[in-house]
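What follows is a short report on a single structure.
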Amino acid sequence: AQTVTQSQPEMSVQEAETVTLSCTYDTSESDYYLFWYKQPPSRQMILVIRQEAYKQQNATENRFSVNFQKAAKSFSLKISDSQLGDAAMYFCAYRSGRRGTGTASKLTFGTGTRLQVTL
Amino acid sequence: DTAVSQTPKYLVTQMGNDKSIKCEQNLGHDTMYWYKQDSKKFLKIMFSYNNKELIINETVPNRFSPKSPDKAHLNLHINSLELGDSAVYFCASSQYRVQPQHFGDGTRLSIL
């Protein structure tokens with residue numbers, strides 16, 4: 476079974492600075508997808524960024540980028556120019572790329588990292 | 030235009046009652062999911078339907094019964110509610126294995 480580990484329960488960053496949230500995962504599969512979701516106090520689950528395992532290039536979305544190290548099974552999220560609105564819980568998630576089985580489509584989440592943004 | 034909508038947003042009820050949570054998506058997706066987020070914020074899959082067919086049924090008490098009348102709707106019925114059922118329940122949808130999952134705003138269930 477796949478597992479996702481987020482070893483930082485809480486992180487803090489000053490406004491306009493850069494912060495990196497770490498995520499490691501364990502899988503025997505070679506085809507899979509990785510995601511970062513943001514959950515602000517409003518409780519919504521918002522997709523921040525996704526990465527396909529077959530792509531060597533790291534995904535970027537505006538101020539958000541990932542460092543995907545497939546051999547190390549590491550998938551960290553970098554937030555540049557942090558803003559007050561970035562304060563939230565951040566969840567790393569894994570989804571199998573296997574075809575043909577329904578269970579492959581489920582997301583397996585890490586335990587989350589609470590990010591505080593200070594002035 | 031809300032993509033994935035859940036009702037109600039808050040549900041407060043007593044132990045032993047039966048309650049339902051409804052979910053609807055207007056994204057045209059063919060797969061829908063129920064996740065449970067516990068008090069420590071941990072999210073875990075419960076069920077998934079693809080084109081009205083149950084494809085994921087994790088280790089969930091049989092007091093929980095999902096129903097998908099069509100591929101745009103997935104409801105969750107819970108019988109004989111227990112204190113441990115208190116959590117936030119999220120509905121999500123995706124185009125099977127292709128697109129990321131889009132989540133509803135969650136339903137906070139509180140058992141008194």
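Protein chains in written order, with my numbering: chain A, 476 to 594; chain B, 30 to 141. Cβ coordinates follow ideal geometry from the N, Cα and C atoms, glycine included.
Check: Quick check: is the beta carbon of Ala32 (chain B) nearer than 9 Å to any beta carbon in chain A?; Outcome: no
Check: Just checking my contact of Tyr569 (chain A) with Leu509 (chain A) at CB under 8 Å: how many whole Å lie between their CB atoms?; Outcome: 6 Å
Check: Using a Cβ cut-off of 9 Å (strictly closer), state whether Lys581 (chain A) contacts chain B.; Outcome: yes
Check: Are the Cβ atoms of Asn46 (chain B) and Ser109 (chain B) separated by less than 9 Å?; Outcome: yes
Check: Name, please, each residue of chain A whose Cβ falls closer than 7 Å to the Cβ of Leu72 (chain B).; Outcome: Phe566 and Phe584
Check: Please decide whether Gln514 (chain A) counts as near chain B, where near means a Cβ-Cβ distance under 9 Å.; Outcome: yes
Check: Please determine, among B:Thr42, B:Lys38, B:Ser68 and B:Val33, the residue with the shortest C-alpha to C-alpha distance to Ile107 (chain B).; Outcome: B:Thr42
Check: Within 9 Å (strictly less), CB to CB, does Phe93 (chain B) reach chain A?; Outcome: no
Check: Using the rule of at least 16 other Cβ atoms within 10 Å of the residue's Cβ for burial, across every protein chain shown, is Thr88 (chain B) buried or exposed?; Outcome: exposed
Check: Under 9 Å, do Gln54 (chain B) and Ser122 (chain B) count as touching if we go by C-beta distance?; Outcome: yes
Check: By alpha-carbon positions, which one of A:Val541, A:Asn542 and A:Asp561 ends up nearest to Pro515 (chain A)?; Outcome: A:Asp561
Check: State the beta-bridge partners of Thr502 (chain A) as determined by DSSP.; Outcome: Paired residues: none, contrary to the question.
Check: Counting only runs of 3+ residues fully inside the segment 76 to 139 of chain B, write out the beta strand (DSSP E) ranges in chain order.; Outcome: 82 to 86, 93 to 99, 102 to 107 and 116 to 123
Check: Just how far apart, CA to CA, sit Ser77 (chain B) and Met520 (chain A)?; Outcome: 18 Å
Check: Run the CB neighbour count on Gly133 (chain B), radius 10 Å, all protein chains shown included, and call it buried at 16 or more, exposed below.; Outcome: buried
Check: Can you find a C-beta in chain B that's less than 9 Å from the C-beta of Tyr529 (chain A)?; Outcome: no
Check: For Ser505 (chain A), tell me which candidate among A:Arg574, A:Thr593, A:Gly585 and A:Gln591 has the shortest Cα-Cα distance.; Outcome: A:Arg574
Check: Suppose you measure from the CA of Trp63 (chain B) to the CA of Glu536 (chain A); what does that come to, to the nearest Å?; Outcome: 27 Å
Check: Which parts of the segment 485 to 547 of chain A are runs of the beta strand (DSSP E), unbroken and 3 residues or longer, counting only runs that do not cross its ends?; Outcome: 485 to 489, 494 to 496, 499 to 501, 507 to 514, 521 to 527 and 539 to 544
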